Amino acid sequence: MTQDIAQRIAALVDELEEHLYRYHVLDAPTISDQEFDLLLAELQALEEAHPALKRPDSPTQRVGGAPTSDFPTVRHARPMLSLDNSYSRQDVEDFDRRVRQSLPDEAVEYVFELKIDGVALSLIYQDSLLVRAVTRGDGVQGDEITANARTIPTIPLRLRQPGINCEIRGEVYMESSDFAQFNAQRAADDEPLFANPRNSTAGSLKLQDPNLVAKRNLRFFAYWIHAEDGSQTRHSECLETLRAWGLIVPEHQRCASLADVFDHYDRYATTRAALPYEIDGVVIKVDSLSQQERLGYTAKSPRSAMAYKFPAYQARTRLLDIHLQVGRTGAVTPVAFLEPVRLAGSTIARASLHNADEIRRKDIRIGDTVLIEKGGDVIPKVVEVDPSERPDDSVEYAFPNQCPSCKSPLTRDAEEAVARCDNPICPAQLRRRLEHFASRNAMDIEGLGPAVVEQLVEQGLVKDLSDLYELDVASLGALERMGEKSAQNLLDGLARSKEQSFDRVLFALGIRHVGATVARTLTRTFGSLDALCKASIEELEATHEIGPTIARSLYASLPALPALDRVLYKLKNKAKLQFEMEAEEAAPPSPFSGKTVVITGTLSGYSRDEAAALIERLGGKTTSSVSKKTDLLIAGEKAGSKLAKAQALDVAVLDEAAFIAQLKEAGVA
Ligand code: IVH
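Below, the structure is given as structure tokens:
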């Protein structure tokens, strides 16, 4: 019986991995998503019923790995070097000359390969099974992120040829369209945006929870192998081998001459915007592995390969105007309005000008012909002006000293280049704040989009957030294109929003640095706005995931809120929004209630993050350093200086067994 089940599991694993390969690698699926899901569900059910039969290469291993708090550091068997960069034909010709001089009388062939703009990763396979994935780190040692790598469908859990022991290196990347979608979602959630797919890939690989990584649509190109019984003699054969083993390799061509290399380079330089992923150049590699060996390495890079980078995408156009945008926290940023121009596959009509200093330094003037560039960033920037094209009547740009919306004087912090409007009732800020308040991940108020917000502010119906809750059918009747039905819809939406939980309300208030995630953390830690406003800077700083900068900024802006802010008072007491965590969310009394706890050393049963989450659920608060305020230290294996300090300060200490006993008593373990 068990044998039958083991056989069925093996068959399902093989079949499912084959379908994943056909879908992700060959781009030629042979079954529907629904059929695939059925097979996967069958496998999951069998594995759940017979955990001992679960296989390491099962596709179910691609999701559901447990979160970790720290990635172990692992030393690379061979250092992960980088490549020398070149930016001109001359550089490449010099490289070719050096290569040929070192290999007199030998024919040299090159492989031309795309240089993927992603993050390098090393994969270790033993007996064809993926056993470890390690980031480049400092080149000598990196982070072990195997659980995260397993979620990437184009990384085989098992190679398609048995019995292979090898290391494979390649690049993890995100396709441009996946990146755009991901950033759009972050914008909607009011999370900071990633500048480019590479940063977003790096950020994703560092996530502690593989379930989140699985949602990021990461992909993998393999470009290097070191096999124990390496039978390949050429790099081009290595790429073929990688393909045969089930990996995807970057587009490449063998080139007998430099002229071929330059032809390919020129072709990709003009067509690269059409690729679904970003490349920042090409790599030229000596094809023969024996020649590669003999050319050897410098301290940083192989002498047998060279990156030939593309220039950043640039275009020239006219600067029609400079507009100041006022954000919801009052930050005023200058934006260049341009004569629309094509750049890197899209039409560009706006570019970033950063701040007043930048405009002055580059002497950017309205009417100038400017060079714009799309580097790694989402929004292009103005690189320089062309003074030869400057109109005779051009005048230096004077950065306004008044808010474009409310005309109050702009201020600038000594250390910040940003100009700010400090007027709390500035209509532009108010509009941004209302839009944010109503947005999907904040109060999610249906019928309160930008157009309605604009009218509400313009007509003077809403002067602050709390006015929203005083609107009625009669006052809304004054708005254009707002029939009775839409007015009622909006009022219903507002009424429903009163039920939104405290973390959403906190996020919706639009306090600087308080995005959706920080709001949830603060809610869990402090429970109510009153408690949050009374928090000391140390308590804020010690809050999980909140760094010193955010803590300081929060500390500066919070205490003034409830006492001074009439708006908050009204939101809380008249509109009756939720300003506390709901009773059932709040922690039941426990040995950790109200305690400040530090976790140190290695726990075998929990990651540090899991332990911290449990303590927080039980009403405790975790901080990272031991001080007089610490009530309790949880000391795992190899606890070091924190344990010594706790003992010196007479802080109570629990070992892991005692900790688990307490968790059990509280009913969470
Ligand atoms: S070969 C000795 N091939 O570029 C390094 N690298 O600056 C051998 N990269 O760290 C790397 N595409 O992360 C190679 N087709 C490709 C590549 C590639 C992207 C990255 C890789 C490397 C960096 C070098």
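Every position in the sequence shown, counted from 1, becomes a number in my numbering once 35 is added. Every residue, glycine too, gets a C-beta built ideally from N, C-alpha and C. From a predicted model like this one, the values you see are computed outputs, not experimental measurements.
Assigned exposure category for residue i - 16 Cβ within 10 Å defines buried
i      : result
Gly512 : exposed
Leu589 : buried
Arg254 : buried
Asn608 : exposed
Leu500 : buried
Asp49  : exposed
Glu202 : buried
Leu47  : buried
Glu691 : buried
Val430 : exposed
Ala701 : buried
Distance cut-off 7 angstroms: residue i Cβ against heavy atoms of ligand 1
i      : result
Ser117 : yes
Tyr641 : no
Arg171 : yes
Leu277 : no
Ser336 : yes
Glu148 : yes
Tyr300 : no
Glu313 : no
Val318 : yes
Pro232 : no
Ala155 : yes
Ile151 : yes
Glu206 : yes
Ala342 : yes
Pro422 : no
Pro485 : no
Pro435 : no
Pro64  : no
Pro755 : Nothing about residue 755 can be reported from this structure: the residues present for the chain run from 36 to 704 only.
Pro285 : yes
Sequence-distant residues of its chain with Cβ nearer than 6 angstroms to residue i (five each side left out)
i      : result
Asp666 : Lys630, Thr631
Arg447 : Ala454
Glu190 : Checking the sequence, you will find Ile at residue 190 rather than Glu. The residues are Ala184, Phe255.
Glu424 : Thr404
Ala598 : Because the pLDDT of Ala598 is 49, which lies under 50, any placement of that residue in the model is unreliable, and the number read from its coordinates should be weighed accordingly. Correct list: empty, nothing qualifies.
Ala543 : Phe472, Ala477, Met478
Ser121 : Val127, Met341, Tyr343
Val686 : Thr665, Leu668
Asn200 : Gln161, Glu263
Val688 : Leu668, Ala670, Ala681
Pro107 : Glu179
Val492 : Pro462, Leu465, Arg466
Contacting residues, own chain, Cβ-Cβ under 8 angstroms from residue i (five flanking each side not counted)
i      : result
Leu406 : Gln349, Ala350, Arg351, Val417, Val418, Glu419, Val420, Asp421
Pro311 : Glu210, Ser211, Ser212
Ser2   : In this structure the chain extends from 36 to 704, so residue 2 is not present and cannot be described.
Val367 : Leu359, Gln360, Val361, Cys438, Pro439, Leu445, Val453, Ala454, Arg455, Cys456
Pro197 : Asp162, Ser163
Leu228 : Asn218, Arg221, Ala222, Val413
Leu78  : Ile44, Leu47, Val48, Leu51, Ser93, Pro94, Thr95
Glu515 : Gln490
Phe372 : Leu354, Leu355, Asp356, Ile357, His358, Ala384, Arg385
Any non-hydrogen atom of ligand 3 closer than 7 angstroms to residue i Cβ
i      : result
Tyr258 : In the structure on display, ligand 3 does not appear, and the ligands it does have are ligand 1.
Nonlocal neighbours in the same chain, by C-beta distance under 7 angstroms from residue i, ignoring five residues either side
i      : result
Arg278 : Val284
Phe614 : Phe537, Val540, Ser563, Leu564, Lys607
Ile634 : Arg643, Ala646, Ala647, Thr657, Ile669
Ala570 : Phe561
Pro485 : Glu470
Ala155 : Met115, Arg171, Arg204, Glu206
Lys699 : none
Leu118 : Val318, Ser336, Ala340, Met341, Ala342
Beta carbon proximity, residue i to chain D, threshold 8 angstroms
i      : result
Gly238 : The chain labelled as chain D is not found in the depicted structure, where only one protein chain is given.
Continuous alpha helix (DSSP H) assignments of at least 4 residues falling wholly in the segment 432 to 508: 462 to 473, 485 to 493
Along the chain, which unbroken stretches of the beta strand (DSSP E) at least 3 residues long are found entirely within the segment 525 to 613? With a minimum length of 3 residues, no continuous beta strand (DSSP E) run stays inside the segment 525 to 613.
Please go through the segment 370 to 421 and give each complete alpha helix (DSSP H) segment of 4 or more residues, from N-terminal end onward. 391 to 396
Extract the residue ranges of the beta strand (DSSP E) inside the segment 158 to 245, only unbroken runs of 3 or more that lie entirely within it. 164 to 170, 176 to 178, 201 to 209
Any beta strand (DSSP E) of 3 or more consecutive residues that is wholly inside the segment 85 to 120: 108 to 110
Starting from the N-terminal side, write out each stretch of the beta strand (DSSP E) that is 3 residues or longer and does not extend beyond the segment 615 to 645. 631 to 635
Restricting to runs no shorter than 4 residues, where is the alpha helix (DSSP H) found entirely within the segment 312 to 357? Taking 4 residues as the shortest admissible run, the segment 312 to 357 contains the following complete alpha helix (DSSP H) segments, listed from N- to C-terminal end: 324 to 330.
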